[in-house]
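See structure below.
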Amino acid sequence: MNSEIVTIYTRPLCGPCTATKRALAKAGIAFVEVSLEDVTDDQRAAFQAAGFMEAPVVLTPGGDAWAGFRPDRIKQQ
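Numbering (our numbering), first residue to last: 1 to 77.
So, in structure tokens, the structure goes:
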């Protein structure tokens with residue numbers, strides 16, 4: 001279990017977002033949830049520039065990042 005906190009950017013009623021939160025919790029990975037509706041235009045542009053075109057967007061303290069439900073990436077944490 002990683003003691004550092006992952007940030008997960010989500011949308012309301014988002015199935016992949018819910019699945020990601022469940023998988024993180026099951027793996028014992030601490031996370032904070034931020035609504036994509038609350039991010040700045042600059043943050044949204046940065047996500048798009050990085051190629052993140054779907055929710056959720058997950059950022060780890062170690063610099064790893066991905067979009068969508070990625071159980072393979074969660075297992076690597």
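Note that CB positions come from ideal geometry on N, CA and C, so glycine has one too.
Every value quoted in this text rests on a predicted model; they were computed, and no experiment measured them.
Alpha carbon of Trp66 to alpha carbon of Arg73, nearest angstrom: The alpha-carbon atoms of Trp66 and Arg73 are separated by roughly 8 Å.
Would the beta-carbon of Val58 fall within 7 Å of that of Ile8? In this structure, Ile8 lies closer than 7 Å to Val58 by Cβ.
DSSP three-state label for Phe52, please. Looking at Phe52 - three-state DSSP - the assignment turns out to be coil, as it is neither helix nor strand.
Closest by CA to Phe52, which one among Pro61, Gly62, Phe69? Ranking the options by Cα distance to Phe52, first place goes to Phe69.
For a test of the three-state rule: what should DSSP assign to Pro40, helix, strand or coil? The amino acid occupying residue 40 in the given sequence is Thr; Pro does not appear at that position. Annotated three-state conformation of Thr40 is coil, per DSSP.
Is it right to say Thr10 is buried, meaning 16 or more other beta carbons lie within 10 angstroms of its own, or is it exposed? It is buried - the Cβ of Thr10 has at least 16 other Cβ atoms within 10 Å.
Assigned exposure category for Leu24 - 16 Cβ within 10 Å defines buried: With 16 or more other Cβ atoms within 10 Å, it is buried.
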